[in-house]
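What follows is a set of notes on a single structure, which appears directly below.
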Amino acid sequence: MSNSIQAIRGMNDQLPGELACWQQLEQTAAEVFRLFGYREIRLPVVEKTELFARSIGQSTDIVEKEMYTFQDRNGDQLSLRPEGTAGVVRAMLQHGLLHNAIQRVWYAGAMFRHERPQKGRYRQFHQIGVEAYGMSEADLDVEIISMTSQLWKQLGLSGVALEINTLGTAESRKTYRSALVEYYQANRESLDEDSLRRLDKNPLRILDSKNDAVIELNKKAPDILEYLDNDSKEHFQRVQVLLDKLAISFTRNPKLVRGLDYYGRTVFEWTTDKLGAQSAICGGGRYDALVEKLGGKPVPAAGFAIGMERLIELLKIEQLCQPEKRQDIYIVQTSDTALELGLSMAMEFRDAGFSVTGNIGDTSFKSQLKKANKSNARLALIIGDNELQTNSITVKLLDDGTQLTVSRDNLLAETSKYLANME
Ligand code: ATP
Ligand code: MG
6 MSNSIQAIRG MNDQLPGELA CWQQLEQTAA EVFRLFGYRE IRLPVVEKTE
56 LFARSIGQST DIVEKEMYTF QDRNGDQLSL RPEGTAGVVR AMLQHGLLHN
106 AIQRVWYAGA MFRHERPQKG RYRQFHQIGV EAYGMSEADL DVEIISMTSQ
156 LWKQLGLSGV ALEINTLGTA ESRKTYRSAL VEYYQANRES LDEDSLRRLD
206 KNPLRILDSK NDAVIELNKK APDILEYLDN DSKEHFQRVQ VLLDKLAISF
256 TRNPKLVRGL DYYGRTVFEW TTDKLGAQSA ICGGGRYDAL VEKLGGKPVP
306 AAGFAIGMER LIELLKIEQL CQPEKRQDIY IVQTSDTALE LGLSMAMEFR
356 DAGFSVTGNI GDTSFKSQLK KANKSNARLA LIIGDNELQT NSITVKLLDD
406 GTQLTVSRDN LLAETSKYLA NME
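For the sequence shown, my numbering begins at 6 and goes up steadily by one.
See below:
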């Protein structure tokens with residue numbers, strides 16, 4: 006073992022037996038997104054570093070210290086994607102999909118951030134998210150929020166909390182920014198190194214600090230609501246009215262700024278108190294300025310990303326993961342003739358939708374039965390010499406050991422009945 010190569014820290018294997026809940030989440034999400042008219046998009050895992058630097062923001066945690074960046078053999082500066090939005094915008098622009106068009110898309114996949122690995126925080130993790138383009142109204146903000154809430158409903162998940170905030174427009178943020186800088190300047194002694202650096206570059210990000218002293222200081226920081234322009238105020242008001250209409254409860258968190266620079270107006274996060282420090286399972290918001298920033302004509306946009314590892318962990322805690330589907334049939338075959346019959350029987354059962362494993366290898370009857378039991382199949386179909394002679398099959402119910410003999414003509418019908426009763 007000591008000599009064998011291990012996976013990279015913070016990058017996890019997903020082994021058979023651990024994936025049923027992932028598949029359940031992926032299927033449920035794909036279905037919910039389809040119900041809202043969103044279509045899937047799949048993009049490269051590697052992009053030019055510049056794409057992320059320009060979109061996520063130079064003074065964010067992600068770009069400052071979390072990206073996996075490298076030079077490829079051509080000398081190009083590339084990064085593993087730390088999030089999905091930048092790539093989606095890049096693809097939309099590259100393929101001209103935003104000209105007078107509305108787009109609603111979703112994606113799922115691995116993201117990479119060089120963070121300190123701990124529960125709920127990994128270096129390779131997975132997000133499933135949506136992005137929508139061409140709609141500036143608050144209805145869209147509420148549409149995407151209601152997609153998440155529909156997904157929780159479909160998964161049976163309750164007890165997650167929605168926090169919302171507004172970041173206004175770039176213009177209104179300028180005045181707010183000055184007020185913040187003034188406040189932080191007056192309290193410089195409470196700021197940590199990260200915050201001091203951000204004070205010039207991007208003081209709003211200090212609101213997102215995880216440093217205790219700064220968190221304390223932030224409690225009395227000025228509130229952006231008081232600096233908002235009228236349009237942004239109305240927009241935020243409308244979001245809240247519509248959420249109320251849909252009976253989606255929320256609280257306003259004035260400190261919610263999100264970890265990426267491209268957001269403006271509505272931002273939101275879903276959190277849980279069941280996962281300790283890594284409490285955010287989904288984050289998103291509006292990013293009307295990003296398309297232009299990446300070289301396109303201005304196009305309003307909004308989206309969210311769900312952290313799949315954290316959501317799966319929560320589904321497990323809440324016992325909402327469905328168990329992995331059991332194997333239906335294991336075929337025990339004790340001679341070459343039996344094997345030939347077994348092979349065609351297996352195909353017949355698979356055609357009828359049952360999962361079947363045939364024994365492989367000329368092991369004894371006893372060890373084949375052992376393997377059948379270990380396979381966790383519901384039934385063993387046994388084809389021995391006796392069975393071949395009498396044109397019948399022995400059906401063994403592996404959970405209680407009951408055995409019965411069924412004629413070959415009735416086999417599919419009879420076993421189907423047994424399997425149906427076991428559901
Ligand atoms: P956090 O504040 O927890 O670092 P974030 O604001 O950096 O989260 P986003 O970039 O908004 O997260 O990503 C959306 C979601 O992806 C998060 O709410 C979280 O569930 C998940 N996520 C983010 N980083 C990680 C990570 N390193 N490991 C696992 N999940 C993550
Ligand atoms: Mg983060």
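Think of the CB as a built atom: it goes at the ideal place given N, C-alpha and C, for glycine as much as any other residue. Treat the numbers as computed from the prediction; the structure is a model and nothing was measured.
Who are the near neighbours of residue i in its chain, counting only those whose CB is closer than 6 Å to its CB and skipping five residues on each side?
{"i": "Val427", "result": "The sequence given here has Met at residue 427, not Val. Taken in chain order, the residues that qualify are Arg383."}
{"i": "Tyr267", "result": "Ser60, Tyr292, Leu295"}
{"i": "Tyr335", "result": "Thr362, Ala377, Ser380, Ala382, Ala385"}
{"i": "Val37", "result": "Gln155, Leu156, Gln159"}
{"i": "Gly389", "result": "Thr339"}
{"i": "Ala91", "result": "Leu56, Phe57, Ser60"}
Given a threshold of 16 other Cβ atoms within 10 Å of its Cβ, counted over all protein chains shown, does residue i qualify as buried or as exposed?
{"i": "Gln132", "result": "buried"}
{"i": "Leu319", "result": "buried"}
{"i": "Gln373", "result": "buried"}
{"i": "Ser369", "result": "exposed"}
{"i": "Thr256", "result": "exposed"}
{"i": "Pro49", "result": "exposed"}
{"i": "Asp66", "result": "buried"}
{"i": "Ala343", "result": "buried"}
{"i": "Ile322", "result": "exposed"}
{"i": "Glu297", "result": "exposed"}
{"i": "Val246", "result": "exposed"}
{"i": "Ala34", "result": "buried"}
{"i": "Pro87", "result": "buried"}
{"i": "Asn415", "result": "exposed"}
{"i": "Asp333", "result": "buried"}
{"i": "Ile365", "result": "exposed"}
{"i": "Ala106", "result": "exposed"}
{"i": "Arg121", "result": "exposed"}
{"i": "Gly80", "result": "exposed"}
{"i": "Ala137", "result": "buried"}
When you compare only the Cα positions, how much space is there between residue i and residue j?
{"i": "Asn396", "j": "Gln327", "result": "39 Å"}
{"i": "Gly301", "j": "Leu98", "result": "6 Å"}
{"i": "Val68", "j": "Ala58", "result": "6 Å"}
{"i": "Gly173", "j": "Arg263", "result": "13 Å"}
{"i": "Pro259", "j": "Asn378", "result": "58 Å"}
{"i": "Phe117", "j": "Glu221", "result": "31 Å"}
{"i": "Thr410", "j": "Lys401", "result": "9 Å"}
{"i": "Gly363", "j": "Gly347", "result": "7 Å"}
{"i": "Leu167", "j": "His240", "result": "18 Å"}
{"i": "Asn192", "j": "Pro227", "result": "13 Å"}
{"i": "Glu187", "j": "Glu52", "result": "38 Å"}
{"i": "Glu345", "j": "Gln408", "result": "23 Å"}
{"i": "Gln338", "j": "Ile387", "result": "6 Å"}
{"i": "Val100", "j": "Lys375", "result": "Here residue 100 turns out to be His, not Val, going by the sequence shown. Approximately 57 Å between the Cα atoms of the pair."}
{"i": "Ser30", "j": "Tyr181", "result": "Ser is not the amino acid found at residue 30; the sequence shown has Leu there. C-alpha separation (whole angstroms): 40 Å."}
{"i": "Ser7", "j": "Ala282", "result": "33 Å"}
{"i": "Ile229", "j": "Arg47", "result": "36 Å"}
{"i": "Ile398", "j": "Phe359", "result": "17 Å"}
{"i": "Gly114", "j": "Gln394", "result": "54 Å"}
{"i": "Lys70", "j": "Val110", "result": "29 Å"}
{"i": "Asn235", "j": "Leu261", "result": "20 Å"}
How many whole angstroms separate the CB atoms of residue i and residue j, which I take to be in contact at a CB cut-off of 8 Å?
{"i": "Thr171", "j": "Leu233", "result": "7 Å"}
{"i": "Ser183", "j": "Ser200", "result": "No, Ser183 and Ser200 are not in contact; Cβ-Cβ is about 17 Å, not under 8 Å."}
{"i": "Gln129", "j": "Gly312", "result": "That pair is no contact at about 12 Å."}
{"i": "Leu160", "j": "Leu325", "result": "6 Å"}
{"i": "Val4", "j": "Gly139", "result": "Because residue 4 is not part of the residues shown, which for the chain are 6 to 428, the question remains open."}
{"i": "Val93", "j": "Tyr112", "result": "7 Å"}
{"i": "Ile317", "j": "Trp27", "result": "6 Å"}
{"i": "Leu314", "j": "Ala25", "result": "In the sequence on display, residue 314 carries Glu and not Leu. That pair is no contact at about 15 Å."}
Starting from the C-beta of residue i, find all residues in its chain whose C-beta is less than 7 Å away, skip the five residues before and the five after it, and write them out in chain order.
{"i": "Tyr189", "result": "Leu196, Leu204, Pro208, Ile211"}
{"i": "Phe309", "result": "Gly134, Val135, Ile149, Thr153, Cys287, Gly288, Gly289"}
{"i": "Asp146", "result": "Val244, Thr271, Arg291, Ala307"}
Using a Cβ-Cβ distance cut-off of 9 Å, determine whether residue i contacts chain D.
{"i": "Ala377", "result": "No chain D appears in this structure, which consists of one protein chain only."}
Quick one: residues in its chain with C-beta nearer than 8 Å to the C-beta of residue i, no 5 flanking neighbours on either side, listed in chain order?
{"i": "Asp77", "result": "Leu83"}
{"i": "Val165", "result": "Trp157, Trp275, Thr276, Thr277, Ile286, Leu319"}
{"i": "Lys206", "result": "Gln63, Ser64"}
{"i": "Ser284", "result": "Thr276, Thr277, Asp278"}
{"i": "Ser237", "result": "Thr171, Gly173, Thr174, Ser177, Arg270"}
{"i": "Thr54", "result": "Met72, Thr74, Gln82, Leu83, Ser84"}
{"i": "Ala357", "result": "Leu417, Ser421"}
{"i": "Glu353", "result": "Leu417"}
At a cut-off of 8 Å, is residue i close to the ligand HEM when judged by its beta-carbon and the heavy atoms of the ligand?
{"i": "Ser7", "result": "With respect to the ligand HEM, the structure offers nothing, as its ligand set consists of the ligand ATP and the ligand MG."}
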